[in-house]
Each structure stands twice: as structure tokens, then as C-alpha cells.
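Below is one structure, written out as C-alpha cells, with a few remarks after it.
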Amino acid sequence: MKKLLFFCGVAAVLCSSCGKRIARVESVDIVPQPVSVVASDGAFDLTKNTKICLLSDDSTLNYSVRLFNGLLDKSFGKPLPVIKSTQPEAGAINVRLSGLQPEEYTLNIRPDGVDITGGSPAGVFYAFQTLRQLLPVAVARGEKAGVIELPVAEIADKPHFAHRGGMLDVCRHFFTADDVKTFIDILAMHKLSRFHWHLTDDQGWRIEIKQYPKLTEVGAFRDRCNLQAEADAPKDSVPYGGFYTQDEIRDIVQYAAKRFITVIPEIEMPGHASAALASYPYLGCKGEGYVVPSTWGVKADVYCAGNDSTFRFIEGVLSEVVEQF
């Protein structure tokens with residue numbers, strides 16, 4: 026009798042540690058739509074003991090693995106074990122490189138395992154982003170789980186365009202460095218390959234240039250957040266704005282690179298320059314009277330092409346921009 030009670034107790038402990046089963050998504054809906062999707066009944070049971078088996082020595086594959094494990098960490102309480110091997114593992118997520126086009130991939134989810142094949146580490150990354158979209162919503166919420174079901178499906182995909190970009194304007198509304206990273210994560214999930222970062226405009230200068238410190242001391246701030254053109258729009262008690270230090274810029278560029286996204290900085294010229302002219306009035310033909318605008322609309326003031334100092338300024342700014350990117 027004591028033995029029976031003991032075994033019952035062990036079974037109860039094991040069951041309580043397993044956690045709940047999170048059911049598979051009802052349909053295989055991927056954005057953007059892959060080239061080919063063949064969905065079937067059934068599911069692969071993903072557990073905290075499911076191995077990720079890397080069949081290549083390319084260390085760049087670790088970017089994809091770490092990000093995918095980060096999505097599962099709250100549900101499983103730990104990352105999936107990662108191993109390297111020359112042979113596929115039964116019941117594992119097997120990851121390999123092959124002769125596909127560089128950003129092409131195949132993803133085969135079966136009840137007995139998952140196979141990911143990419144033409145390059147970028148292709149593998151996009152396969153993991155598809156796998157990410159197939160995780161149930163409960164996983165995104167971080168609900169605890171013992172089993173996460175993945176739908177059985179065969180997916181093949183490659184991009185239609187090499188340049189797939191999204192733009193973020195941080196001049197009219199300032200986003201923190203963490204906000205920018207969140208935006209990059211959204212681009213990555215949708216397999217976009219370029220981040221257009223709109224860093225300067227009339228209403229704000231957002232990138233640190235050490236040769237010209239007033240660009241961020243003066244040009245990064247305006248007297249209110251609201252850009253509506255009403256003359257009686259209230260001014261804020263604290264100037265609105267912000268900027269990114271060069272260290273923050275470099276960190277964000279590296280963050281994007283690990284998601285196979287190239288960052289393209291956008292520096293406006295010759296127009297959309299009011300923030301720069303307010304910082305260094307000699308850059309404009311009038312030489313005075315410039316402010317960082319707190320309204321929308323087309324501004325007539327531009328960099329003065331007749332001043333040699335304008336070209337020295339542009340060369341100095343671009344040299345530091347290139348160094349950061």
C-alpha cells in the first residue's frame with residue numbers, strides 16, 4: 026500500500042510539472058504569403074526537451090536560434106537545448122544550409138519532427154520567423170506550457186524583391202531606442218530586409234554629430250509635441266524631443282544586422298532643414314531667425330548652396346553618419 030501511494034505521489038508531481046497543452050493554430054496563415062503552403066491535419070508536439078539540431082557550423086545560425094528560444098522561454102521556463110550534429114535527430118528541429126537561393130527556405134513540420142533548410146543563414150532566419158508566426162497566441166502572452174502544438178505543414182518560400190523596406194519617422198514623433206528595436210522586430214517578423222530610419226527633418230534632428238553638438242542641443246527639441254497648425258495651440262512646459270547617441274545608433278545597427286536587416290539612415294537636404302538651421306544659422310542664406318518648427322507644413326528655408334561652409338557641414342555630418350552605419 027505504501028508503495029502504491031508513493032508511485033501515485035510521483036505521478037502527481039510529474040503531471041503537475043508537465044504544464045498544459047497549448048493547441049495548434051486553427052489555420053496556417055503567414056504574412057507575407059509564402060510561395061507554397063501545404064497544410065495537413067495533425068501537430069508536432071514542441072516541449073522544453075525538444076532539441077534544436079544544427080547541421081552546419083555557421084555561427085550566424087545562432088542568431089535565429091536565440092531569438093526563437095527567447096519566444097519560448099516564458100512558456101517553458103528555459104530555452105530549448107541546442108546541439109550540433111552531422112546527422113538529423115529524431116523528434117528535433119533540424120536546421121541545415123543547402124543550395125537554395127540565399128534568402129530562400131523550406132519548412133517541413135511533421136508529427137515526428139521539424140526540418141528547416143535555408144539557402145543561407147538569412148533563409149534560415151526567415152524560416153524561424155514563419156515558425157514564430159505559427160506559435161499559438163498564448164505563447165506570445167507567455168502562458169506556461171508543457172506542450173506547444175505546431176501545425177503539420179510543408180512551406181516553401183523566397184522573396185519576390187531583394188529590397189523590402191519599412192520607414193520610421195522619428196523626427197515628427199520621437200521614439201526611444203527600445204521603441205526602435207521593437208519596430209525592427211516587427212520588420213523582421215515580416216521578413217523585411219531594410220530599415221529606413223528618417224533621422225532629420227524640420228521638426229527635429231535626431232542623430233548625434235560630435236563635430237556639430239548644437240544639432241542635438243538645439244535642433245533635437247521644439248516647444249511642443251502637438252504639430253497642429255492652429256496659432257493658439259498650447260506650448261508645452263517642457264520642450265519636446267530627443268536624440269540618439271552614437272553608441273545607441275551603433276547598437277541599433279548591430280541589433281538590426283542580427284535580424285538580417287540593413288539600416289539606411291535618411292539625412293534630409295537641401296530642404297527639411299529647419300532644425301539644422303536653428304542650430305547653425307550660418308548654414309542658411311538669411312543667416313538668422315530660424316527655429317525648430319512646432320507645426321506641419323512646407324518650410325521655405327533650405328541649406329544655402331552659395332556658402333562653402335554648407336558643404337563643409339554636409340561633408341562633416343555624412344562622414345560621422347557613415348562611421349556609425
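Our numbering applies: residue 26 is where the sequence shown begins, and numbers increase by one.
Backbone N, C-alpha and C define an ideal beta-carbon position, used for all residues, glycine too.
All figures in this text were calculated on a predicted structure; none of them were measured in a lab.
- Annotation: R157 is outside any beta strand (DSSP E); the continuous alpha helix (DSSP H) that includes it extends over P146 to Q158.
- Per the coordinates, the alpha-carbon of D182 lies some 11 Å from the alpha-carbon of V56.
- A distance of 7 Å or more separates the beta carbons of E129 and A147.
- If you draw a straight line from the Cα of H223 to the Cα of A281, it is about 15 Å long.
- For T241, there is no enclosing beta strand (DSSP E); the residue is part of the alpha helix (DSSP H) that begins and ends at K239 to E242.
- From the listed residues A213, G167 and R231, the smallest Cα separation to K45 is found for G167.
- When secondary structure is reduced to three states using DSSP, I289 falls in the strand class.
- Taking a C-beta distance under 7 Å as the contact criterion, E345 and I234 qualify as a contact pair.
- Judged by their CB atoms, D227 and K324 are nearer to each other than the 7 Å cut-off.
- With respect to the 7 Å criterion, V120 and L79 are classified as neighbours on the basis of their beta carbons.
- Between S81 and L125, the CB-CB gap reaches or exceeds 7 Å.
- Within the same chain, D326 come within 8 Å of K311 by CB-CB distance, once the 5 residues on both sides are set aside.
- At the C-beta level, I134 and F69 come within 7 Å of one another.
- The beta-carbon separation of T201 and L252, rounded to 19 Å, does not stay under the 8 Å limit for a contact.
- Taking C-alpha positions only, A178 is separated from K239 by approximately 56 Å.
- Distance from the CA atom of I292 to the CA atom of H188, rounded to whole angstroms, is 19 Å.
- If you look at K109, you'll find it in the beta strand (DSSP E) that goes V107 to K109.
- In this structure F208 does not touch I289 by the C-beta definition: roughly 14 Å separates them, more than the 8 Å allowed.
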